[in-house]
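Asks: Numbering-wise, the sequence shown is residues 58 to 356 according to the working numbering. Just so you know, even glycine gets a beta-carbon here, dropped at the ideal spot from N, CA and C. Model, not experiment: these values are computed from the prediction. The structure follows.
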Amino acid sequence: FKHFVSADQVDNQTANELIARAEAFKAGATASYPDVYVSNLFFEPSTRTHTSFEVAEQRLGLKVISFDPTHSSVQKGETLEDTIRTLNAIGINIAVMRHPQADYYRDLMTISDTAIVNAGDGAGQHPSQMMLDLMTIHETFGHFEGLRVGIVGDISHSRVARSDAALLTQLGASVSFSGPAAWYDDSFASFGNFVGLDELLPQVDVLMLLRVQLERFDDVERESFAKADYHRQYGITEARAAQLKPEAIIMHPAPVNRDVELASALVTGPQSKIFTQMHNGVYMRMAMLEKIIQAQHNA
Ligand code: CP
């Protein structure tokens, strides 16, 4: 477990161990690794992932070395590979990285001793979001086996959908997808069926909404997108939310497009776990970083 980049690295035992450790951190457990240097390289915007990794790093006592892509030598044409080689030469043990290119990490994992923690790669994977989502579901229901999870919205652009669906099905949950049919593609078919929203809502224990990622659309798609139309056809209005089971939870990786994917009044409503997901993210990222640190120490 030298790097943490993708759902396919995580077997069920590892998932359950990470959840248990994150829950222990949430309950007050502490750990300290003051000899470890970490840098956060975010080549795409982020609020939650960047700041919660940084809080997790500070709580673990790591030395956090700032890296701003807009003021780095990447602007002079330095490659990602040479950037990682440089950080490794300087003594950075862990690079937490978000980048718009799917699979950016493939060529970085063999070139140095610096561990890569993927904080999101294009429409590829988002393993720390996946793990904090699993923690939030486990905290609510205590298990995964037999749970019904509906993932709704901009599926084909979603690294969250790809990561979460893979591990949820592996853990015994049943996943279905819904939203605009054009935003679903066959690469998700092995994880679950595509169904109509009104069929899906009464069945699910977990309703996982996805942000409409306009930044990943082409100009024609972006200009023709109408927020009100989307909300009426595929958004969770208060009337649609009334179809959910009372014990069902609403999740969203955020940022939320209010009154697009989800009615604004429901964002902080009683069934919403959206801010719990963010809170849990700090503890889960502590658990993930600790796993990488322990692997480095044992190498
Ligand atoms: N959920 C998520 O990845 O949010 P940020 O883009 O703000 O990090």
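My assumption, with CB atoms under 8 Å, is that Asp-211 sits in contact with Arg-268. Please give the rounded CB distance.
Replies: So it is a contact: roughly 7 Å between Cβ atoms.
Asks: With H, G and I counted as helix, E and B as strand and the rest as coil, what does DSSP make of Asn-73?
Replies: Correct three-state label for Asn-73: helix.
Asks: Might you give, ordered along the chain, the residues of its own chain that have their beta carbon closer than 8 Å to the beta carbon of Ala-356, omitting 5 neighbours on each side?
Replies: If we look at Ala-356 and ignore the five residues flanking it on each side, its Cβ neighbours are Lys-59.
Asks: Between which two residues does the alpha helix (DSSP H) harbouring Gly-338 extend?
Replies: Its alpha helix (DSSP H) spans residues 331-355.
Asks: Is there at least one non-hydrogen atom of the ligand CP closer than 7 Å to the beta-carbon of Pro-310?
Replies: At least one heavy atom of the ligand CP is nearer than 7 Å to the Cβ of Pro-310, so yes.
Asks: Does the ligand CP have a heavy atom nearer than 7 Å to the CB of His-107?
Replies: Yes.
Asks: What did DSSP end up calling Ile-192 once you bin it into helix, strand or coil?
Replies: Checking the displayed sequence, the identity of residue 192 turns out to be Met instead of Ile. The answer is helix: DSSP assigns Met-192 an H, G or I state.
Asks: Cα-Cα, which of Met-154, Ser-129 and Pro-91 is closest to His-107?
Replies: The candidate whose alpha carbon is nearest that of His-107 is Met-154.
Asks: Across which residues does DSSP place Asp-68 in a beta bridge pair?
Replies: Bridge partners of Asp-68: none, in fact.
Asks: State the Cα-Cα distance for the pair Ala-305 and Val-261, rounded to the nearest angstrom.
Replies: Their Cα atoms are separated by approximately 7 Å.
Asks: Does the beta-carbon of His-336, which I'm using as the reference point, lie nearer than 7 Å to any heavy atom of the ligand CP?
Replies: For the ligand CP, not one heavy atom lies less than 7 Å from the Cβ of His-336.
Asks: Helix, strand or coil, according to DSSP, for Leu-319 in the structure here?
Replies: Three-state DSSP puts Leu-319 in a strand.
Asks: Are the segment 58-72 and the segment 160-172 touching, with three or more C-beta to C-beta distances below 8 Å?
Replies: Cβ pair count under 8 Å is three or more, so yes.
Asks: Near Pro-126, which residues of its chain fall below 6 Å by C-beta distance, leaving aside the five closest residues on each side in sequence?
Replies: Excluding residues within five positions, the ones whose Cβ falls inside 6 Å are Phe-100.
Asks: Contact defined as beta carbons within less than 8 Å: I believe Thr-333 pairs with Thr-193. What is the distance between those atoms, to the nearest angstrom?
Replies: Between Thr-193 and Thr-333 the Cβ distance is about 6 Å, and since that is below 8 Å, they are a contact.
Asks: Does the contact criterion of 3 or more C-beta pairs under 8 Å hold for the segment 136-144 versus the segment 108-120?
Replies: No, the segment 136-144 is not in contact with the segment 108-120.
Asks: Applying the 10 Å Cβ sphere with the 16-neighbour rule, what's the burial state of Asp-178?
Replies: Result: buried.
Asks: Please report how far the alpha carbon of Ala-72 lies from the alpha carbon of Glu-256, in whole angstroms.
Replies: Using only the alpha carbons, I get a separation of about 30 Å.
Asks: Hey, would you say the C-beta of Gly-177 is under 7 Å away from at least one heavy atom of the ligand CP?
Replies: At least one heavy atom of the ligand CP is nearer than 7 Å to the Cβ of Gly-177, so yes.
Asks: Buried or exposed for Ile-76, going by 16 or more other Cβ atoms inside 10 Å?
Replies: Classification for Ile-76: buried.
Asks: Quick one: does Leu-228 have its CB under 8 Å from some CB of chain B?
Replies: Protein chain content of the structure displayed is limited to a single chain, and chain B is not contained in it.
Asks: Within its chain, find whatever has a CB closer than 8 Å to the CB of Asn-314; leave out the 5 residues flanking it on each side and keep chain order.
Replies: Excluding positions up to five away in sequence, the list reads Arg-268, Val-269 and Lys-284.
Asks: For the ligand CP, is there a heavy atom less than 7 Å away from the beta-carbon of Ser-103?
Replies: Checking every heavy atom of the ligand CP against the Cβ of Ser-103, one is found closer than 7 Å.
Asks: Taking the Cβ atom as the reference point for each residue, do Tyr-287 and Ala-79 lie within a distance shorter than 8 Å?
Replies: No, these two residues do not count as a Cβ contact at 8 Å.
Asks: Residues in the same chain with beta-carbon distance under 6 Å from Val-252, minus the five sequence neighbours each way, listed in chain order, please.
Replies: Correct list, in chain order: Ser-233 and Ser-235.
Asks: Shorter than 7 Å, the distance from the beta carbon of His-128 to the closest heavy atom of the ligand CP, or not?
Replies: Incorrect: His-128 has no Cβ contact closer than 7 Å to the ligand CP.
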